[in-house]
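Presented below is the structure to which this report refers.
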Amino acid sequence: MAKQQLSVDETVAMLDAVADAIIAAEPELSEADRNLGDGDHGLGMKRGMEAVKAKLSEGGFESVDKVFMAMGMAMMSSMGGASGAVFGTLFRNGGKALKGSETFDAAGLAEFLKGGTEGVMTRGGAKPGDKTMVDALEPAQKAAELAVSLPLSEALDTTAQAAEAGRDASKDLIATMGRAKTLGEASIGHPDAGACSVAIIFRTMATFAAGN
Amino acid sequence: MSVPKKLLNDPNACAAELLDGLILAYDGQCEKVGKASIVKKSIPDGKVALLVGGGSGHEPIYHGLVGTNLADGAACGDIFAAPSPDIVLDATKAVHRGNGVLFLYGNYAGDVMNFDMGAELAEDEDIEVRTVLIWDDVASAPPTKKEDRRGIAGLVPIVKIAGAASQVVESLDELERVAIKVRDNTRSVGCALAPGSIPATGKPTFDLADDMVGLGMGIHGERGVGEIPMCSADELTGKMLELIFADDLEFASGDEVILFVNSLGATTHMELLICNRKAREILAEKGIIVHQTIVGPLVGCQEMAGISFSLTKLDDELKKYWDMPCQSACYSKMEGRQS
Numbered sequence: 001m002a003k004q005q006l007s008v009d010e011t012v013a014m015l016d017a018v019a020d021a022i023i024a025a026e027p028e029l030s031e032a033d034r035n036l037g038d039g040d041h042g043l044g045m046k047r048g049m050e051a052v053k054a055k056l057s058e059g060g061f062e063s064v065d066k067v068f069m070a071m072g073m074a075m076m077s078s079m080g081g082a083s084g085a086v087f088g089t090l091f092r093n094g095g096k097a098l099k100g101s102e103t104f105d106a107a108g109l110a111e112f113l114k115g116g117t118e119g120v121m122t123r124g125g126a127k128p129g130d131k132t133m134v135d136a137l138e139p140a141q142k143a144a145e146l147a148v149s150l151p152l153s154e155a156l157d158t159t160a161q162a163a164e165a166g167r168d169a170s171k172d173l174i175a176t177m178g179r180a181k182t183l184g185e186a187s188i189g190h191p192d193a194g195a196c197s198v199a200i201i202f203r204t205m206a207t208f209a210a211g212n
Numbered sequence: 213m214s215v216p217k218k219l220l221n222d223p224n225a226c227a228a229e230l231l232d233g234l235i236l237a238y239d240g241q242c243e244k245v246g247k248a249s250i251v252k253k254s255i256p257d258g259k260v261a262l263l264v265g266g267g268s269g270h271e272p273i274y275h276g277l278v279g280t281n282l283a284d285g286a287a288c289g290d291i292f293a294a295p296s297p298d299i300v301l302d303a304t305k306a307v308h309r310g311n312g313v314l315f316l317y318g319n320y321a322g323d324v325m326n327f328d329m330g331a332e333l334a335e336d337e338d339i340e341v342r343t344v345l346i347w348d349d350v351a352s353a354p355p356t357k358k359e360d361r362r363g364i365a366g367l368v369p370i371v372k373i374a375g376a377a378s379q380v381v382e383s384l385d386e387l388e389r390v391a392i393k394v395r396d397n398t399r400s401v402g403c404a405l406a407p408g409s410i411p412a413t414g415k416p417t418f419d420l421a422d423d424m425v426g427l428g429m430g431i432h433g434e435r436g437v438g439e440i441p442m443c444s445a446d447e448l449t450g451k452m453l454e455l456i457f458a459d460d461l462e463f464a465s466g467d468e469v470i471l472f473v474n475s476l477g478a479t480t481h482m483e484l485l486i487c488n489r490k491a492r493e494i495l496a497e498k499g500i501i502v503h504q505t506i507v508g509p510l511v512g513c514q515e516m517a518g519i520s521f522s523l524t525k526l527d528d529e530l531k532k533y534w535d536m537p538c539q540s541a542c543y544s545k546m547e548g549r550q551s
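Protein chains in written order, with the working numbering: chain A, 1 to 212; chain B, 213 to 551.
What follows is the structure, encoded as structure tokens:
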């Protein structure tokens with residue numbers, strides 16, 4: 001059954017599903033990174049998501065912001081690396097923007113993405129077009145902004161579509177950040193591994209909210 | 213490609229297990245602090261502290277550079293991943309003796325973000341932190357964009373000299389100044405003959421044809437100048453040093469330098485010595501005086517094959533700090549020019 005909004009417990013279940021999806025995608029995420037970096041993006045994300053699952057299972061969250069922020073802190077401290085810093089910031093700053101919310105709806109999704117994307121861009125210094133996770137995140141944020149009046153399940157679906165389109169478009173970009181930046185034009189043809197993770201995160205959230 | 217034969221227990225626990233082993237190898241000189249930091253046991257009150265660190269898997273650096281007249285501590289990440297902000301904070305608090313902490317580490321996006329967050333957390337606890345980034349790899353960006361350059365093997369002479377200075381200077385300002393000076397007088401270039409692998413997956417960190425050399429390639433396989441056909445030790449040494457001499461730091465006749473010939477892992481000491489022979493011939497032709505040579509596998513990437521050359525130009529102040537003795541699991545030397 002498609003969801004209009006999620007309770008705190010349902011938000012926990014959704015993020016637990018996100019963690020499972022990223023853990024399952026470890027080989028493809030590592031392979032995506034091997035084309036551009038050193039091939040460990042999937043491993044870091046998997047380590048982070050295992051910590052997230054452990055944290056989520058503790059329960060006791062009063063509001064949805066606390067769930068997202070706990071997820072961000074668990075990723076940041078268990079992963080390290082560039083991924084831990086930027087993905088931890090996405091969930092921590094995104095969560096902060098939802099302060100005190102008892103439900104997660106389409107308006108909350110837009111707030112989460114606004115706070116999270118700003119945080120990621122400030123921390124990492126990446127702009128759209130640099131061939132980073134921002135190239136999936138920023139289109140997702142724009143899609144969410146236009147979807148605030150939709151039921152959550154539909155808003156998440158358009159957000160996930162935008163993230164996936166951003167991931168695919170990152171194939172044609174030249175890397176200017178991180179370890180891939182010295183590849184120059186040789187980076188063309190491969191999607192950014194961080195953008196792949198962003199697409200999986202929002203597609204899994206959309207699938208959960210659609211009740212499938 | 214077959215998975216390299218490695219002596220492991222849990223492939224996902226390498227960083228933790230190697231840190232335990234490293235601390236035991238220090239025979240009581242250092243201890244583990246927090247989740248993944250190594251800190252010297254005796255740091256005098258009031259000392260300006262020097263903290264290094266980065267991803268594990270490049271042993272013996274960075275955590276092996278904690279020691280006498282070297283770093284006071286290191287924040288250690290997982291294999292090839294920067295340490296998290298809480299690890300950096302734990303290490304910072306453990307080395308702080310009331311006179312500030314200098315962070316000195318390689319210029320990689322992940323390290324910068326996590327150490328910066330660690331610095332913000334430390335400042336919340338009233339610990340003054342400064343950061344000097346190591347960016348010695350001339351093949352990673354043009355001289356006009358040094359802030360885009362990677363930190364590679366030049367970190368060894370840089371940390372050695374900053375570590376000695378940290379014993380002598382009275383303020384964080386002074387230590388920062390010396391660290392910047394030795395960083396700005398150090399240039400390195402690397403190459404790759406074959407990739408290392410990630411212990412958790414057994415997969416190589418990059419692909420390189422058997423008959424090619426990755427000239428200027430970074431220690432994780434980052435692209436450098438480009439691929440060239442495999443050649444002799446003398447020819448490759450010449451091409452590599454030429455990249456350093458073509459950079460913006462002048463090495464003139466009469467200049468005194470530290471020469472560091474490093475193996476990335478699989479390249480043997482025999483090969484390093486053959487390359488050192490040619491490097492010394494080239495330096496002698498230019499009238500450059502080698503004050504001291506380091507030859508060895510200190511900055512590695514698992515079983516990656518390849519070498520790097522680093523040159524640090526000395527003035528009287530840097531030479532004074534270089535000549536101080538030092539001792540650690542990574543690098544030790546006697547007073548003066550003796551190894």
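Think of the CB as a built atom: it goes at the ideal place given N, C-alpha and C, for glycine as much as any other residue.
Proximal residues to residue i (C-beta, below 6 Å), its chain only, five neighbours per side dropped
i      : result
A/F208 : M14 and A17
A/M210 : Position check: residue 210 of chain A holds Ala in this sequence, whereas Met was assumed. Taken in chain order, the residues that qualify are A2 and S153.
A/A193 : L29, A32, D33 and H41
A/G81  : G44
A/G48  : M75, S78 and M79
B/A303 : S249, L263, G285 and A287
A/M71  : L15, V52 and F91
A/P180 : In the sequence under discussion, the amino acid at residue 180 of chain A is Ala, which differs from the Pro named in the question. Closer than 6 Å at the Cβ level, and outside the excluded window around A/A180, lie L36, G37 and S187.
Own chain partners of residue i with C-beta closer than 7 Å, once the 5 adjacent residues on each side are dropped
i      : result
B/M546 : P537
A/A21  : I200 and T204
Terminal residues of the beta strand (DSSP E) in which residue i lies
i      : result
A/M177 : Unbroken run through A/M177: none, as it is neither H nor E.
B/P441 : G438 to P441
B/L282 : Neither: B/L282 is in no beta strand (DSSP E) and is coded neither H nor E.
Span of the alpha helix (DSSP H) around residue i
i      : result
A/Q141 : V134 to L146
A/G119 : A106 to G124
A/I201 : A193 to A209
A/M14  : V8 to A24
B/V368 : L367 to V380
A/M79  : V64 to M79
A/K99  : Segment: none, A/K99 is in no alpha helix (DSSP H) and carries neither H nor E.
B/F327 : A321 to D336
B/I456 : A445 to F457
A/Q161 : L152 to A169
CB of residue i within 8 Å of CB of residue j, strictly
i      : j      : result
B/G363 : B/I346 : yes
A/A163 : A/P139 : yes
A/G129 : A/L173 : yes
B/K244 : B/I250 : yes
B/I470 : B/H432 : no
B/I506 : B/F472 : yes
B/A377 : B/V313 : no
B/A458 : B/G426 : no
B/L453 : B/I494 : yes
A/A206 : A/A144 : no
A/F112 : A/G94  : yes
B/G402 : B/G518 : yes
B/A406 : B/L387 : no
Chain-order list of residues whose beta-carbon lies under 8 Å from that of residue i (same chain, five-residue window excluded)
i      : result
B/K490 : A445, D446, T449 and G450
A/E185 : I174
B/P411 : K218, L220, P223, C226, G269, I291 and Q514
B/D257 : R309 and G310
B/P369 : V394, T398, I470, F472, I506, S522, T524 and W534
Bridge partner(s) assigned by DSSP for residue i
i      : result
B/L314 : B/L262 and B/R342
B/F472 : B/I506 and B/S522
B/I291 : B/S268
B/V245 : B/S249
B/L538 : The sequence given here places Cys at residue 538 of chain B; Leu does not occur at that position. B/C538 pairs with B/K545.
B/S387 : First, the amino acid is wrong: residue 387 of chain B is Leu here, not Ser. None; B/L387 has no bridge partner.
B/A286 : B/I250 and B/V264
B/C403 : B/L427
B/I501 : B/E468
B/T398 : B/T524
B/C487 : Answer is none; B/C487 lacks a bridge partner.
If contact means a Cβ-Cβ distance below 7 Å, which residues of the region 399-425 of chain B contact chain A? I410, A412, T413, K415 and T417
Chain A contacts from the region 278-290 of chain B (Cβ-Cβ distance under 7 Å): G289 and D290
Short of 9 Å Cβ to Cβ, which residues in the region 80-94 of chain A face chain B? For the region 80-94 of chain A, which is checked against every Cβ of chain B, the residues closer than 9 Å are G80, G81, A82, S83, G84, A85, V86, G88 and T89.
Pull out every residue of the region 430-452 of chain B whose Cβ sits closer than 8 Å to any Cβ of chain A, in chain order. Residues passing the 8 Å Cβ filter: G430, H432, G433, E434, R435 and G436.
According to a CB-to-CB cut-off of less than 9 Å, which residues of the region 357-368 of chain B neighbour chain A? D360 and R362
Which residues of the region 312-330 of chain B have a Cβ closer than 9 Å to any Cβ of chain A? Give them in chain order. Y320, A321, G322, D323, V324, M325, N326, D328 and M329
Name the residues in the region 292-311 of chain B whose C-beta lies less than 8 Å from a C-beta of chain A; which are they? F292, A293, A294, P295, S296, P297, D298 and I299
Using Cβ-Cβ distances below 7 Å, what residues of the region 116-128 of chain A are close to chain B? Listed in sequence order: R123 and G124.
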